[in-house]
Amino acid sequence: MRMSSVHMSLARRNNKNKGSGLINTLINKLPFELHVPGYQYCGPGTNLKCRLARGDKGINALDSECKDHDIDIDIDRSNFIEDRNKPDYILEQQAWDRFNAKDSSLKEKAVAVGVTIAMKAKRKIGSGCGYKAVIN
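The working numbering numbers the first residue of the sequence shown as 100 and each following residue consecutively.
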């Protein structure tokens, strides 16, 4: 069993251009936005075009960083997993910075921890990596 988990990890790491990934596919098919309560961009399924057209700016620094992440994902439709993971890594770091910021509220700190964990998990489980690359 140890051998297969190493093999799967190598397969994910070596995958350069496979599909959009199961998580991204599920997120893209959500019939609704699944945001943190009170937030405009923080969460999967954001209707980015609608929110940008309305002029939504984000309710705080973390939400604005989530907006920038959504824009980066929307602009860069690369099939290369390294390219797809860059915005997730950037948001992970920004969220952690918001957690450590002296001017962030308790709620923003709590949400920042969740965003940090979610972005790390999304990158580590091979989001953006096709199913065949994971099982090969």
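The C-beta atom is built at its ideal place from N, Cα and C for all residues, glycine as well.
Closest residue to residue i among the options (Cα-Cα distance)
i: R183; options: K221, L161, C141; result: K221
i: G213; options: L161, K128, I170; result: L161
i: N127; options: C149, T145, K219, L151; result: T145
i: K185; options: L133, H168, A217, S203; result: H168
i: S203; options: N159, A217, N178; result: N159
i: V135; options: A217, K223, I224; result: A217
Beta-carbon spacing of residue i, residue j below 8 Å
i: G157; j: C165; result: yes
i: P143; j: L129; result: yes
i: I170; j: L147; result: yes
i: R150; j: Y138; result: no
Collapsed DSSP secondary structure at residue i in the structure displayed
i: E237; result: Because the chain in this structure spans residues 100 to 235, residue 237 falls outside the shown range and cannot be described.
i: I224; result: coil
i: G213; result: helix
Q | the stretch 202-209 in contact with the stretch 183-194 per 3-pair CB rule at 8 Å | A | Contact between the stretch 202-209 and the stretch 183-194 is absent, because fewer than three Cβ pairs lie under 8 Å.
(Q) I'd like to know if the stretch 168-176 and the stretch 195-204 are in contact, where contact means that at least 3 CB-CB pairs between them fall below 8 Å. (A) No, they do not touch.
Q.
Which runs of the alpha helix (DSSP H) at least 4 residues long sit entirely within the stretch 142-200? Give them in chain order.
A. Segments of the alpha helix (DSSP H) lying fully in the stretch 142-200: 147-153, 160-174, 180-199.
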